[in-house]
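Note sheet for the following structure.
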Amino acid sequence: MNKKYSNIRAMLAIAKASLRSIVRNPSSVVFSLVFPLIFIVVFGFIGGGRSSFDIAVTKNSDRNNPVYQSLSQVSSFRITDSEDDNSTIQNLEKGHFDAVLDIKKNPEGTFPAFSVEVKTNKSTPEKSNLCKLILAQVIDRVNSKGQKPEMQVVEIKETDVQGRLFKTIDFILPGQLGFSILSAGVFGTAFVFILLRDTLVIKRFFATPIKRKYIILGEALSRLIFSISGSIIIILIGHFFFGFTLVNGVVTVLNMLAVSVLGLLVFLGFGFMVSNIAKSVNAVPPIANLITLPQFLLAGTFFSIDNFPGWLQPISRALPLTYLNDALRKIAFDGATIFTLPKEMLILVGWGVVVYFFAIKFFKWE
Amino acid sequence: MISDKKIIEVKGLVKDYGELRAVDEISFEVYEGEIFGLLGPNGAGKTTTLEIMETLREHSSGEVLIDGLSVDSHKDEVKKIIGVQLQQSGFYPNLNLVELIHLFCGLYNIQASAHEILRKVGLEEKANTIYNKLSGGQKQRFAVATTIINSPRVIFLDEPTTGLDPQARRNLWDLIEDIRKNGTTVMMTTHYMDEAEKLCDRVGIIDLGKIIAIDSPNNLIDKLLKGGFKRSEQVKHASLEDVFLSLTGKELRDE
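Just so you know, the sequences run in chain order A and B.
Each residue of the first sequence is one higher than the one before, counting from 198 in our numbering.
Each residue of the second sequence is one higher than the one before, counting from 114 in our numbering.
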């Protein structure tokens, strides 16, 4: 009785109890571990890649010519005009581009009038070959408009660069990680808080000396431990069984976990908000789904946002999960760190500030 | 057993909910080692009064002292010396009884043997059972167990026997008596007059937010009889509950 009361000790007791409770609750394990792993297994085995090609055209390329114009008419080619050739080549190496084209206009009166240099990624030979084949067809068509063989308009020069292979798993796994964190944060928190409130568990805690904020901190801590452990399991299974790329090994994993913590904190805030809005446990699923489902579908969990129609993209670009997914992908594959991703970090923090403002303002203890 | 030391002092306690005055200038004292019952119809203000004493609810005016400590200025100190059982309270989901006791030990910052506490309330065999799988009587006994974890001076029990069968009720009475024997003061509410008569040293009857009578059950009955009260029917020397218990036995059933 004379010893000073430690809120930290009380908080750790809550965290321990809460963690036990989460692990024993089938739905939390299914949503944050089993579902993401199923998706990873399915997509991991399907493998394969996108059926379209991302083509970059160098900055100084001649664009006023039949080749460039025909290229933009090939439906499976997505043409990007390079603004910085060095980073474009890096992106080719990272697998973000399938080919980089340099189109040169030769001096007036010489044949061929244009030459096209193609750079492709060596580590994706099938895709590179397919890409070159389509390109050859395009150029053939342009050439056949010229009458004589010696009046060929275009010649092709090919080079390969050594690059990393961007596999389906490299896209899917970060998305599933993001989804796992989202559902743990929103569903796990909203359901449990309403339950604890309705069954007077929190009220009973109030009758003990613990300060209120430490109850919340204990609950948050248990979810943090659960989610981060889940993330580690997902990353390791992905890496060792499906070849998920971790560019800088342990450093990459640590950076992914750091972003995951930030993401989880934001989504916990959403969870608290839902528990304040919902009047009963039954009201949780519709409200929580309203928050999670659009993000699940639109935040680039399964498909790249770039494939979405133009009017949908701004919506996708407003969602916090988009930036968590993007950050995770850039860290895992491009070797970015939390310090080199100011945009993603700031947007997540911004969402956190907004969400916690409302969560605290409308917080209900009873 | 009952000392003349006042362990609870309630002085002019008022609680307003907007226009409604739920607790209207209540004053009473509870002595150390006493079992004190707060009786009254639903909505009379029993639970509100209890929750103010438990530091769970603010009050509008007046004063409540627990062992000399004000619930306003020494909230945290009061929480350390009281044990609380809430009406129809649940416990953290998916945890077994030992884990729940450990949780409360952490919340009170104390070290205690979970099995020792469970043994005191006769739940040792259920140590590894999830709380939600207990029977009604076992649940209530466990709720009482959580009130004694921190060896409190006073425990508050809000309708501890509501919904229990006669055997389980009697079993809980024995438990409450045991806790009092160890020197803990018990403050409880109940709807059952036989329970108050059997268990409580003194009762306060509360209606519309005011205490309208306060004394030992025996004295209250005597006062009523002196006023010329007569039951319309001749009282038999046994009740239907006596019949029930003699037929089914006093042995506790594990539903």
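Where a beta carbon is used, it is the ideal one built from N, C-alpha and C, also for glycine.
Residue i to residue j span [Cα, whole Å]
i               : j               : result
V184 of chain B : K192 of chain B : 9 Å
A475 of chain A : L433 of chain A : 37 Å
G246 of chain A : Q334 of chain A : Residue confidence is low: G246 of chain A scores 49 on pLDDT, short of 50, so the model does not pin down where it sits. No coordinate-derived value is stated.
I292 of chain B : P330 of chain B : 21 Å
I289 of chain B : V398 of chain A : 23 Å
M301 of chain B : F464 of chain A : 42 Å
I139 of chain B : D328 of chain B : 15 Å
Y202 of chain A : F217 of chain B : 14 Å
L545 of chain A : V478 of chain A : 28 Å
P154 of chain B : S457 of chain A : 54 Å
G150 of chain B : G382 of chain A : 45 Å
V471 of chain A : L461 of chain A : 15 Å
W562 of chain A : S225 of chain A : 23 Å
S236 of chain A : D367 of chain A : Position check: residue 236 of chain A holds Phe in this sequence, whereas Ser was assumed. Their Cα atoms are separated by approximately 13 Å.
S501 of chain A : L521 of chain A : 14 Å
A417 of chain A : A256 of chain B : 26 Å
I195 of chain B : T260 of chain B : 8 Å
G507 of chain A : S513 of chain A : 10 Å
E229 of chain B : K527 of chain A : 55 Å
D431 of chain A : L370 of chain A : This sequence places Ile at residue 431 of chain A; Asp is not what is there. One C-alpha to the other measures close to 8 Å.
I268 of chain B : H215 of chain B : 19 Å
R221 of chain A : F554 of chain A : 32 Å
V481 of chain A : R315 of chain B : 46 Å
N332 of chain B : G219 of chain B : 44 Å
V550 of chain A : T489 of chain A : 19 Å
S426 of chain A : Q510 of chain A : 32 Å
Residue i classed as buried or exposed, judged by whether at least 16 other C-beta atoms fall within 10 angstroms
i               : result
H172 of chain B : buried
M208 of chain A : buried
Q266 of chain A : exposed
K291 of chain A : buried
P304 of chain A : exposed
D281 of chain A : exposed
K159 of chain B : buried
G85 of chain B  : Because chain B in this structure spans residues 114 to 368, residue 85 of chain B falls outside the shown range and cannot be described.
S116 of chain B : exposed
S325 of chain A : buried
M306 of chain B : exposed
Q375 of chain B : This structure does not reach residue 375 of chain B, given that chain B is present from 114 up to 368, and the question cannot be answered.
T356 of chain A : exposed
R420 of chain A : buried
I205 of chain A : exposed
L374 of chain A : buried
K256 of chain A : exposed
R217 of chain A : buried
T307 of chain A : exposed
P206 of chain B : buried
Closer than 8 Å at the beta carbon, the chain B residues around residue i
i               : result
N222 of chain A : P206 and N207
Y202 of chain A : D189, K193 and N222
R206 of chain A : G219 and N222
Partners in chain A for residue i, counting only beta-carbon separations shorter than 7 Å
i               : result
L210 of chain B : Within 7 Å Cβ-Cβ: nothing; L210 of chain B doesn't reach chain A, min ~12 Å.
Residue i - partner residues in DSSP beta bridges
i               : result
Q198 of chain B : B:L270
L182 of chain B : B:I179
F274 of chain A : A:F250
E150 of chain B : Residue identity check: residue 150 of chain B is Gly in the sequence provided, not Glu. DSSP lists B:M301 and B:V316 as partners of G150 of chain B.
I327 of chain B : B:G317
V313 of chain A : A:I300 and A:I353
E122 of chain B : B:E142 and B:L178
R134 of chain B : B:D129
I243 of chain B : B:N209
Chain-ordered neighbours of residue i on chain B, where CB pairs are closer than 7 Å
i               : result
L209 of chain A : G219
L392 of chain A : P206
Closer than 9 Å at the beta carbon, the chain A residues around residue i
i               : result
S202 of chain B : T396, L397, V398, K400 and R401
8 Å Cβ cut-off: residues of chain A touching residue i
i               : result
L199 of chain B : L397, K400, R401 and A404
L216 of chain B : A210, I211, K213 and A214
Exercise for the section: Taking only beta carbons into account, state which residues of the region 156-186 of chain B come closer than 8 Å to chain A, listed in chain order. Expected result: E167, T168 and L169
Handout entry: chain B contacts made by the region 395-414 of chain A, where a contact means CB separation under 9 Å
Key = Going along the region 395-414 of chain A in chain order, one finds D395, T396, L397, V398, K400, R401, F402, F403, A404, T405, P406, I407 and K408 with a Cβ nearer than 9 Å to chain B.
Exercise for the section: Determine which residues of the region 211-242 of chain A have a Cβ less than 9 Å from any Cβ of chain B, and write them out in chain order. Expected result: I211, K213, A214, S215, R217, S218, I219, V220, R221 and N222
Exercise for the section: Taking a Cβ distance cut-off of 7 Å, strictly less, list which residues of the region 280-310 of chain B are near chain A, in chain order. Expected result: none
Problem - Contact set between the region 119-144 of chain B and chain A, restricted to residues whose Cβ is under 9 Å from the partner - result: none
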